[in-house]
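Engineer:
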Amino acid sequence: MTNDQNAPPETDWKRSSPPSPDEEARKKEEAEAKNNQDEQAPDSDDKDHEKKPPGRKKRRIWLIMLGIGLVFAALLLVGLLPRLSKDKKRKEEAEKDANALTIVTVEPAAGAPDTTRVELPADTRSNRETFVFARANGFVKSWSADIGARVQKGQLLALLSTPDLDQQVAQARASLNLARTSFERLRSIELPGAISKQELDEGRAQYEAQQAVLNGLLAQQGFRRVTAPFGGIVTQRNVEVGSLVSSSNAEGTQLFKIEQTDTLRAFVDIPQNFVAGIEPGVVTEILVPEYPNRTFPGRVARDAGALNAETRTLLTQVQVPNTDKLLRPGMFAQVRFQLPRTQPSVIISANALVPSGIEPRVVVVENQKIRYQTIVPGRDFGDQIEVTKGLKGGEMLVVNPIESLRDGQQVEARKPKKEDEKPGSQSKPNAPERPYDPDRPRMETPADKSSKK
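With the UniProt record's numbering applied, the sequence shown corresponds to residues 1 to 453, in that order.
(1) So what does DSSP say about residue 396, is it helix, strand or coil?
(2) Please classify residue 373: does DSSP put it in a helix, a strand, or coil?
(3) With H, G and I counted as helix, E and B as strand and the rest as coil, what does DSSP make of residue 91?
(4) Terminal residues of the continuous alpha helix (DSSP H) containing residue 197?
(5) Can you give me the C-alpha to C-alpha distance between residue 51 and residue 58, rounded to a whole angstrom?
(6) Under DSSP, the beta strand (DSSP E) around residue 266 begins and ends at which residues?
(7) Looking at C-alpha atoms only, which residue of 349, 369, 375, 345 is the closest neighbour of residue 358?
(8) Strictly by DSSP, which residues pair up with residue 117?
(9) Since residue 145 and residue 214 should fall inside the 8 Å C-beta cutoff, what is the C-beta to C-beta distance between them, to a whole number of angstroms?
(10) Taking the DSSP output, what are the residues bridged to residue 160?
(11) Name, in chain order, the residues that DSSP records as bridge partners for residue 126.
(12) Distance check for residue 321 and residue 315, CA to CA, integer angstroms please.
(13) Just reading off the beta strand (DSSP E) that residue 388 is part of, what are its end residues?
(14) Do residue 255 and residue 151 have their beta-carbon atoms positioned less than 7 Å apart in this structure?
(15) Between which two residues does the beta strand (DSSP E) containing residue 330 stretch?
(16) Return the residue from the list 110, 382, 71 that minimises the CA-CA distance to residue 394.
(17) Going straight from the alpha carbon of residue 177 to that of residue 262, what length do you get?
(18) What does the alpha-carbon distance come out to for the pair residue 75 and residue 102?
(19) Between 124, 232, 164, which lies nearest to residue 247 when the distance is taken from Cα to Cα?
(20) Taking only the alpha-carbon atoms, compute the straight-line gap between residue 245 and residue 137 and give it to the nearest angstrom.
(21) Is it true that the CB of residue 232 sits closer than 7 Å to the CB of residue 260?
(22) Near residue 86, which residues of its chain fall below 8 Å by C-beta distance, leaving aside the five closest residues on each side in sequence?
(23) Who are the Cβ neighbours of residue 170 in its own chain at under 8 Å, not counting the five residues just before and after it?
(24) If you compare alpha carbons, which of 319, 382, 90 is closest to residue 281?
(25) What separation, rounded to the nearest whole angstrom, lies between the Cα atoms of residue 228 and residue 168?
(26) With a CB to CB cut of under 7 Å and the five nearest residues on each side skipped, what residues in its chain are close to residue 370?
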């Protein structure tokens, strides 16, 4: 019994005894199997993880969705806040504009001056002009004055050859000699009762008639010399050596034209509404486009005394001195008159008219309120309009009125800004007014100049 108690256990014996070869091989296989199991452990972990409840996965999804929501919220705030700010400012500006007064530009209606400037087209002619015709039938033997030549009264212009007239003169001389001989024979008879007194008177009458015929033919021979009727300048020459001429004064048969250009005549048709201011001695100015910076003085010489029934105009002649020979007959010109105004009127800007509507109206600003006023326009001067009824002068008129203006509407009136009054402004220099402008209206008024004075 004692031996059994002191005997070592079996396990201890096994541990102390060396392992057998089979046992080592078995352990080696177990170790390799364990290693293979360790390498496949992650896959088993994933499978275990998939089999786990989705709490952790849901938490991750919620975190991702929360991040995306925060990004969208940030982008929304970045885009929405400026828009809200702009909308707020826009609303504030709209409320401000709605509460603000409409701003209009105004100009005063100026009273027309006592005189009005009228410019009318004129037909310029020489002070004296005439055509020179032949007084005898024949041919041009020679001529001595061409166009542009200045001639004196009685100066030879052309010399004619008149063969037919010369034959008539010769025949008249022969008839005169026969009549003289017959008359002298009758007068030399001294026997009383041989001839009657009637026969003697008939012989004397026949002699005197033949003398008159010869004198007439000799006078026609004197017209072989074509001379200037007065001093002037030759403006036409219609003959050449050998040209056939006749004593007819039909159109196209004239030989020369002579004109006096030291003084010109300007013929103007004055409208009926200005006739009252036309009288001899009224001072005028002549405007010619070839001399834009110069005017020529003139004076009303006479008028026709009656209006043309078709045009209702008065033909008026204006004398224009032309000692420097700058003006030429036939030039187109305009005559400027300063005529008294027959009735009071007001001058307004053409931009003050209301563009729409059947009757002409303007917008008047009184006590900062709008009032539409009907007017009766007179003459149109282009940028200005004459008003005969509806305005008294001095009213503040809206320039370029808009259609949204209403009667009684309260506005803020401002005068037009002038760049010249702004310090440091570089406005364009005012060009000098041209005395003659082909685009200018035929009649205009110096309302602007008189208002400045």
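Cβ coordinates follow ideal geometry from the N, Cα and C atoms, glycine included.
Structural biologist: Reading it off the structure:
(1) strand
(2) strand
(3) helix
(4) 197-222
(5) At residue 51, the pLDDT of 47 sits below 50, so the modelled position is not reliable; the number obtained from the coordinates is stated separately. Distance between the alpha carbons of residue 51 and residue 58: 14 Å.
(6) 256-271
(7) 375
(8) 338
(9) Between residue 214 and residue 145 the Cβ distance is about 31 Å, and since that is not below 8 Å, they are no contact.
(10) 140
(11) 264
(12) 20 Å
(13) 384-389
(14) no
(15) Where residue 330 is concerned, there is no enclosing beta strand (DSSP E), given that its DSSP letter is neither H nor E.
(16) 110
(17) 52 Å
(18) 41 Å
(19) 164
(20) 6 Å
(21) yes
(22) none
(23) none
(24) 319
(25) 27 Å
(26) 363, 405, 406, 407, 408, 409, 411
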